[in-house]
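Undergrad: What follows is a single structure, and I will ask about it in a moment.
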Amino acid sequence: MSDWQIAIERALENNIPKVEEILNQYPYLKDYGVQLRQTKEEVVNNLEKYVKQTMESVKRTGGKVYLAKDAEEAREILKDIVGSNKKIVMAKTNVGHEINVTETLEAKNNQVFETDLGAYLIQLSHGESSHIVFPSLHLTRENIGELLHDKLNMPVNRNSTIEELVAQVRQFLRQRYMEADIGITGANSISADSGSVALVENEGNIRIDTVFPPVHIVITGIDKIVPTLDDALKEVMVQSAYAGLYPPTYINVSSGPSSTADIELKRVSPATGPKEFHVILLDNGRMEASKDPDMKEALLCIKCGRCYFSCPVYRVKGSSWGQPPYGGPTGAMWTAIVNKDYETANYCTHSGGCREVCPVQINIPKVLEHIKWLFIDEGQNNLSVTP
Amino acid sequence: MAQKLQRQLSAIKKVMVGTLNKNYVPFPVDKSLCSRWTNDLSHGGETIIYTSFMYQLASLFKSYEKYLPTFSNMGGSSRMASLGKLFIKPKKEDLERSYAILRNISAMLKKAGINHGYLYDDEPYSGGLLLELGMINEFKEYGGKVLQKFKDNGVRRVITVDPHTTNAMERMKKLLNSDIEVVNYLTLIKGLSGNGQFVIHDPCLYTRYLDLGETMRDVLTNAGIKVKEDIMVTSKEYGTCCGGPLGPVDLELSSKIAEDRARKLLSVSDKVLVACPLCYQNLSPYIKNIKDIAEVVS
Numbered sequence: 005m006s007d008w009q010i011a012i013e014r015a016l017e018n019n020i021p022k023v024e025e026i027l028n029q030y031p032y033l034k035d036y037g038v039q040l041r042q043t044k045e046e047v048v049n050n051l052e053k054y055v056k057q058t059m060e061s062v063k064r065t066g067g068k069v070y071l072a073k074d075a076e077e078a079r080e081i082l083k084d085i086v087g088s089n090k091k092i093v094m095a096k097t098n099v100g101h102e103i104n105v106t107e108t109l110e111a112k113n114n115q116v117f118e119t120d121l122g123a124y125l126i127q128l129s130h131g132e133s134s135h136i137v138f139p140s141l142h143l144t145r146e147n148i149g150e151l152l153h154d155k156l157n158m159p160v161n162r163n164s165t166i167e168e169l170v171a172q173v174r175q176f177l178r179q180r181y182m183e184a185d186i187g188i189t190g191a192n193s194i195s196a197d198s199g200s201v202a203l204v205e206n207e208g209n210i211r212i213d214t215v216f217p218p219v220h221i222v223i224t225g226i227d228k229i230v231p232t233l234d235d236a237l238k239e240v241m242v243q244s245a246y247a248g249l250y251p252p253t254y255i256n257v258s259s260g261p262s263s264t265a266d267i268e269l270k271r272v273s274p275a276t277g278p279k280e281f282h283v284i285l286l287d288n289g290r291m292e293a294s295k296d297p298d299m300k301e302a303l304l305c306i307k308c309g310r311c312y313f314s315c316p317v318y319r320v321k322g323s324s325w326g327q328p329p330y331g332g333p334t335g336a337m338w339t340a341i342v343n344k345d346y347e348t349a350n351y352c353t354h355s356g357g358c359r360e361v362c363p364v365q366i367n368i369p370k371v372l373e374h375i376k377w378l379f380i381d382e383g384q385n386n387l388s389v390t391p
Numbered sequence: 002m003a004q005k006l007q008r009q010l011s012a013i014k015k016v017m018v019g020t021l022n023k024n025y026v027p028f029p030v031d032k033s034l035c036s037r038w039t040n041d042l043s044h045g046g047e048t049i050i051y052t053s054f055m056y057q058l059a060s061l062f063k064s065y066e067k068y069l070p071t072f073s074n075m076g077g078s079s080r081m082a083s084l085g086k087l088f089i090k091p092k093k094e095d096l097e098r099s100y101a102i103l104r105n106i107s108a109m110l111k112k113a114g115i116n117h118g119y120l121y122d123d124e125p126y127s128g129g130l131l132l133e134l135g136m137i138n139e140f141k142e143y144g145g146k147v148l149q150k151f152k153d154n155g156v157r158r159v160i161t162v163d164p165h166t167t168n169a170m171e172r173m174k175k176l177l178n179s180d181i182e183v184v185n186y187l188t189l190i191k192g193l194s195g196n197g198q199f200v201i202h203d204p205c206l207y208t209r210y211l212d213l214g215e216t217m218r219d220v221l222t223n224a225g226i227k228v229k230e231d232i233m234v235t236s237k238e239y240g241t242c243c244g245g246p247l248g249p250v251d252l253e254l255s256s257k258i259a260e261d262r263a264r265k266l267l268s269v270s271d272k273v274l275v276a277c278p279l280c281y282q283n284l285s286p287y288i289k290n291i292k293d294i295a296e297v298v299s
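These protein sequence lines are chains V and Y, in that order.
Under the working numbering, the residue at position 242 of the first sequence is numbered 246, and the numbers go up by one with no gaps.
Under the working numbering, the residue at position 290 of the second sequence is numbered 291, and the numbers go up by one with no gaps.
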């Protein structure tokens, strides 16, 4: 078996029974998924209104908020906020990947360190992410043992246990936070009513990234907006459960820069945590998709990545299907939205498991059928010009 | 890359739409080969058994896929298409097997008291391949002709025998607002017998689109067949496709998926059951003991 086959088989064996066990043990999570679909549909059907409300709410908390129409505009905004010669700790962000945060900031003489273990392994190996939640899924423990030994001279090898590997990287990553000027994260959800960013994690890196450096920058898509903070918390709970990690070790909520009301109950900012809080909301095709009756279904995705494991194409092709970070069945929809890549969808076999396991019941094969049609249609135009 | 696949799909579309419009078949083929499995059913009638050539031509789907790059390079010319008629024919043993399956399905329907006719050489292909390749406009256009053909022959109810045709007909009904009744044979047959123990490879369209997974299991267990299940391999959530629908897009990937699927199935049982002629074609190179449902119940 190839390394990919070994890696995916181990992931399936570890993840599928775990998700089933979680959903049986905490039955309210399925109900939350159904509710989330309704609240997210409400947002997608009125996206402009909710973007406006979210921006007003972030400002009200003392944060700064920006709406970027495309990746280029998001990069310019980010460069202006960050400047140069900064040390940045970053929590894995798919929207950050979408706009190439690392390359953009490094080009301005900044140092960017991924703090999520999986994302860090990708950075270290100069590889590509192979799953939206578990980016280093394609690396086996043997690969990682060799990588850490070869690149960082760590006392591990291909026979090391997973616990030994994690312990080594833990020591290394903890040192990175001390010197950081800026923390960059994505968002699992953002609430329109309060402007709060919710993030779910297990490693502890997001908690540190969001409170230790003096500046916290959030980069997220407008599809992550939900009406209320209550919805935002439900979204992170569902996301972590369907990724097989429930209860999550940490749920983080950030609403503006740090603050205190300990003196005369007057709330002032900053306090101990960040003094600046920036939210960059990215459109990059999402608003257009929300107006397309066939495509807008894709915007309901909460990026739990469960659909990947039910997909026969992903099981065989891994990260070579789609354009990272958008791979697997949901990625075939998302690469069409953000990259106008309609070819990827043609590799869907309409196996249909993706729809069965989706917590918000997205009819992924139906969306992909529509994208296949766009591809054929586009081809007709292309081929009539270039026979 | 995108242009290469667009050229390939465009060539398929050109060839397929051409042959469909001319002869109601997806590839240039001698239609009489497909209807020889019976001569004792009445021609037409209100209720018909509808094969859509799927069992008879299943082996050709793969053969044609091998020649797709050539079609593509030639722009899907009609000369290539007519050459296909000369050198691509179903093998005798494949045809004989498909005839036996169809005869058994017809007999099981009769046993359940379902009188049915057949359109013989007037039978049209459903257009399922157009639908599954995203050629929705062409599917709708051709679907109108298929429905007209049924109407012309006085057909009001079609009994489908495979997942692709069942799905195509259901979609056609919705897209074109047709009141034709579509019913799958598995929902009609009863009082059957069979034996053995198998793992089922669910056809995606039956189990995850048409809600026939349980029906299929009921048919088997009621007939006395034991079905082995494993959540990782045979559940609605985690069971996967045989890769067949990817043949026209990427034959190599299609085969790799089939090999992967076969490995999973064989981890549950060395005896595998399918309910779709394309699944059979795709999986049989990797599984020695593989049969269609209509080969184990009667």
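We put the CB at the ideal spot given by N, CA and C, even for glycine.
(1) Assuming Y/I115 and Y/L189 make a contact with CB atoms under 8 Å, what is their CB distance in whole Å?
(2) V/T65: buried (16+ other C-beta within 10 angstroms of its C-beta) or exposed?
(3) Please name the residue, chosen from Y/A113, Y/S256, Y/N196, that lies closest to Y/E296 on a Cα-to-Cα basis.
(4) At a Cβ cut of 9 Å, what residues of the segment 8-19 of chain V count as close to chain Y, listed as they run along the chain?
(5) Are the Cβ atoms of V/P329 and V/C315 separated by less than 8 Å?
(6) With V/T189 as the anchor, note down where its beta strand (DSSP E) starts and where it stops.
(7) Should V/P316 be flagged as near chain Y, meaning a C-beta pair shorter than 8 Å?
(8) Is there at least one Cβ from chain Y nearer than 8 Å to V/I380's Cβ?
(9) V/E207 by DSSP, collapsed to three states: which one?
(10) Just curious, the beta strand (DSSP E) that Y/D292 is in, first and last residue?
(11) Quick one: which residues of the segment 349-374 of chain V get their C-beta closer than 9 Å to a C-beta of chain Y? List them in chain order.
(12) Name the DSSP bridge partner or partners of V/F281?
(13) Taking Cβ positions, are Y/I258 and Y/L247 nearer each other than 8 Å?
(14) Spell out a yes or no on whether the segment 225-241 of chain Y and the segment 288-302 of chain V are touching, meaning 3 or more CB-CB pairs, one atom from each, closer than 8 Å.
(15) Which class does V/K112 belong to by DSSP, given the choice of helix, strand or coil?
(16) Identify the contact partners of Y/R262 in chain V, using a Cβ-Cβ distance below 8 Å as the criterion.
(17) Candidates Y/M233, Y/K272, Y/C277, Y/I291: which alpha carbon is nearest V/L16's?
(18) Give a yes or no on whether 8 Å exceeds the smallest Cβ distance from Y/D251 to chain V.
(19) Considering only residues of the same chain and omitting the five flanking positions on each side of V/T390, which have a CB-CB separation below 8 Å?
(20) Restricting to Cα atoms, I'd like to know which of Y/Q198, Y/T208, Y/G214, Y/L58 is closest to Y/K92.
(21) Given a threshold of 16 other Cβ atoms within 10 Å of its Cβ, counted over all protein chains shown, does Y/S127 qualify as buried or as exposed?
(22) Can you check whether the CB of V/G383 is closer than 8 Å to the CB of Y/L10?
(23) Identify each residue in the segment 41-62 of chain V for which the Cβ-Cβ distance to at least one residue of chain Y is less than 7 Å, and report them in chain order.
(24) To which residues of the same chain is Y/T241 closer than 7 Å at the C-beta, ignoring the five residues directly before and after it?
(25) Excluding sequence positions up to five away, which residues of its chain have a Cβ less than 7 Å from the Cβ of V/Y181?
(26) Smallest Cα separation from V/L40: which of V/E347, V/I380, V/L303, V/N350?
(27) So, helix, strand or coil for V/T232, using DSSP?
(28) Quick one: list the residues of chain Y neighbouring V/R271, beta-carbon separation under 9 Å, in chain order.
(29) Excluding the five sequence neighbours on either side, which residues of its own chain have a C-beta within less than 6 Å of the C-beta of Y/L21, listed in chain order?
(30) With a threshold of 16 other CB atoms inside 10 Å of the CB of Y/T161, please say whether the residue is buried or exposed.
(31) Using only the alpha-carbon positions, how far apart do V/G260 and V/S200 sit?
TA: According to the structure shown:
(1) 5 Å
(2) buried
(3) Y/N196
(4) Q9, L16, E17
(5) Result no, Cβ atoms of V/P329 and V/C315 do not sit closer than 8 Å.
(6) 186-189
(7) The C-beta of V/P316 comes closer than 8 Å to at least one C-beta of chain Y.
(8) yes
(9) coil
(10) The question names Asp, but residue 292 of chain Y in the sequence shown is Lys. Note, Y/K292: beta strand (DSSP E), 290-293.
(11) A349, N350, Y351, C352, T353, H354, S355, G356, G357, R359, E360, V361, P369, L372, E373, H374
(12) V/H220
(13) The answer is yes: Cβ separation under 8 Å.
(14) no
(15) coil
(16) Per Cβ cutoff of 8 Å: P316.
(17) Y/M233
(18) yes
(19) No answer about V/T390 holds up, because its pLDDT of 39 lies below 50 and its placement is not dependable.
(20) Y/L58
(21) So Y/S127 counts as buried.
(22) yes
(23) none
(24) R262
(25) V93, I212, F216
(26) V/L303
(27) V/T232: coil per DSSP, three-state reduction.
(28) Under the 9 Å cutoff, chain Y gives no residues; its nearest Cβ is about 47 Å from V/R271.
(29) Hits under 6 Å: Y143.
(30) buried
(31) Rounded to the nearest whole angstrom, the CA to CA distance from V/G260 to V/S200 is 7 Å.
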